[in-house]
Amino acid sequence: MARSSSTKAPGTLPSPSPRKGTAVHAKGTERVERILDATMEVLAGDGYAGLSLRVVAQRAGVSLGNLQYYFPTKQDVVRALLARYLEQALQRVRERMAGGGSEPAQRLRLAVDAILEDQDSPHACQFFAELWAMAARDTMVADTLTVFYAGYRAGVVELLRELSPDLTPARRGRRAALLVALFEGLSLFRGGGNLRGASVPGLEQELRVLLEQVLLPGSERRQV
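Reminder that position 176 of the sequence shown reads as 595 in the working numbering, one-by-one numbering, no gaps.
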């Protein structure tokens, strides 16, 4: 498939709102949320091959013309859906960490809890599994996921900046990439996306121990 003609800075997903220049009122914002929710449902249930603007419009209860006013192509609506997902996920992590006081170990545990809870949604896991499969054949999906994971890594880099301030920027970036890969791979064995019969008891606890050993100074680690 041809790449989208729109150009964006590397690592930047568009805001999940109507296209640039559109005045967004409360009703319009609510409509956009319905459209994005419907897109998630269609992708999780019917796959990317079953996704079309007409199907999304029907599911969201809006006209096709109204949907295209906000998102002219299905590529636009998928990008916006990913942008919303990342924005909400990172916000949940920030909010959890804010409740952990100044203790790095507690803030790390709260951040991990927030990330793991995201994997408990079968819809989200099916959505990403479908996009991963399509990325091998569709350059738009591959490009969109590349930008999404760049944003994900950037969020983890900020977390590491706080938890491991002595790391060099280059090493922080490498560790962020490894952590994103670790978190994403966990969905194979836990949560809403695990393979049938593949769940591993105690995996979450082992993850917390591993991350504390890697990310926190010895004095900050909890005794296991």
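Backbone N, C-alpha and C fix where the C-beta goes; we use that ideal spot for every residue, glycine too.
With DSSP as the reference, label residue i as helix, strand or coil.
| i | result |
| --- | --- |
| G464 | helix |
| G480 | coil |
| G621 | coil |
| D585 | coil |
| L630 | helix |
| T558 | helix |
| F608 | coil |
| L470 | coil |
| G592 | helix |
| G519 | coil |
| L635 | coil |
| G570 | helix |
| V643 | A caution first: V643 carries a pLDDT of 41, below 50, which makes its placement in the model unreliable, though a value can still be read off. Reduced to three states, the DSSP call for V643 is coil. |
Taking its Cβ as the centre, do 16 or more other Cβ atoms sit within 10 Å of residue i, making it buried, or is it exposed?
| i | result |
| --- | --- |
| K439 | Only weak support exists for where K439 lies, its pLDDT of 48 falling under 50; the value from the coordinates is given anyway. K439 should be labelled exposed. |
| K493 | buried |
| Q538 | buried |
| S606 | buried |
| E631 | buried |
| V560 | buried |
| V481 | buried |
| P523 | buried |
| R556 | exposed |
| V633 | exposed |
| V461 | buried |
| L629 | exposed |
| V619 | exposed |
| R593 | exposed |
| A589 | exposed |
Judging by CA-CA distance, which residue of the options is the nearest neighbour of residue i?
| i | options | result |
| --- | --- | --- |
| V599 | Q525, Y568, G621 and L629 | Y568 |
| A543 | R498, K493, F602 and Y504 | Y504 |
| Y467 | A548, R590, L629 and E631 | A548 |
| E452 | L470, Q507, D532 and G520 | Q507 |
| L535 | V560, R627, L634 and M553 | R627 |
| L564 | V531, L501, R513 and S521 | L501 |
| R511 | S521, D495 and V531 | V531 |
| M553 | V497, E603, R594 and G520 | V497 |
| V575 | T558, G520 and L527 | L527 |
| A476 | A463, A457, G520 and A445 | A457 |
| A573 | R591, F546, S482 and A463 | R591 |
| E514 | V474, S521 and L529 | L529 |
| L472 | D465, Q487 and A499 | Q487 |
| G519 | G604, F608, L582 and W551 | L582 |
| L509 | Y571, L629 and L579 | Y571 |
| F602 | T587, E623 and S618 | E623 |
| P584 | G469, P491, L635 and A517 | L635 |
Where does the unbroken alpha helix (DSSP H) through residue i begin, and where does it stop?
| i | result |
| --- | --- |
| T492 | T492 -> no alpha helix (DSSP H), and no H or E assigned at all. |
| F546 | P541 to A554 |
| Q525 | P523 to D537 |
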